[in-house]
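Numbering of the sequence shown is given in the numbering used here, commencing with residue 256 and proceeding in unit increments. Just so you know, even glycine gets a beta-carbon here, dropped at the ideal spot from N, CA and C. Single-structure report; data block below.
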Amino acid sequence: MTGRIVTLGYLIDRERGRILLGRKKFGGAAGKLNGFGGKLEETDENIRAAMLREFEEETHARLLDPKLNAIVYFTYAPATEPDIVLYCYTASQWDGHPEETNEMTVEWYDLAQVPIADMWPGDQLWFQIAIGRRPSMISLQFIPGQDDPVRLEIDFEEPLRETHNPTL
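What follows is the structure, given as structure tokens:
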């Protein structure tokens, strides 16, 4: 079984040393700092298309060169299969001017000074790896009701595919 598939897109302007992030305005993630993305919809052609759609809906800008850079598996004990599979893309080229939407704020942050303490506790552990220059598979195990993972594994050797099954 593969868990619920979700996406995140990170726009990284390496020339200026900055990254575009936002905060959800409502729901369980309200106020948390994050990239832009969400769930697949029936109309999405594939995982990449879902991320591109979500990114544009949440920023009003389009990513031009997204690259799958990390797959993050979230497992909640006692399950042994992932409950959530997160596909993280990075891009350095875009079209349009990112702007706040009714769902998310948008703000550029210096890559060396991202306020990761404003992210989910688990995200704080893998964020820098997911936006790094080396593709990775990341696996986190949680106990239901707790925000901090009890296990973290990172694999830099496994090739990333948009239809990947978990192997960690």
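Could you tell me if residue i is buried or exposed, where buried requires 16 or more neighbouring beta carbons within 10 angstroms of its beta carbon?
| i | result |
| --- | --- |
| L263 | buried |
| G292 | buried |
| Q396 | buried |
| D365 | exposed |
| N289 | buried |
| E354 | exposed |
| R308 | buried |
| V405 | exposed |
What residues match up with residue i in a beta bridge as DSSP calls it?
| i | result |
| --- | --- |
| N289 | G277 |
| D268 | R273 |
| A346 | L266 |
| R259 | I339 |
| L395 | F329 and L407 |
| R317 | D350 |
Can you check whether the CB of residue j is closer than 8 Å to the CB of residue i?
| i | j | result |
| --- | --- | --- |
| A346 | K322 | yes |
| F382 | M392 | no |
| D402 | P376 | yes |
| G258 | P337 | yes |
| I339 | L295 | no |
| K287 | K279 | yes |
| L380 | Q348 | no |
| Y342 | Y265 | no |
Over what stretch of residues does the beta strand (DSSP E) that includes residue i continue unbroken?
| i | result |
| --- | --- |
| R406 | R406 to D410 |
| L366 | Here L366 belongs to no beta strand (DSSP E), and DSSP marks it neither H nor E. |
| A325 | K322 to Y331 |
Could you spell out where the alpha helix (DSSP H) holding residue i opens and where it closes?
| i | result |
| --- | --- |
| Q401 | Run containing Q401: none; DSSP gives neither H nor E here. |
| E313 | I302 to T314 |
| L380 | P376 to A385 |
Closer than 8 Å, CB to CB, is residue i near chain B or not?
| i | result |
| --- | --- |
| D320 | In the displayed structure, chain B is absent; only one protein chain is listed. |
Exercise for review: Examine the Cβ distances between the segment 264-284 and the segment 325-334 and report whether three or more of them are shorter than 8 Å.
Suggested key: No, because fewer than three Cβ pairs between the segment 264-284 and the segment 325-334 fall closer than 8 Å, the two stretches do not touch.
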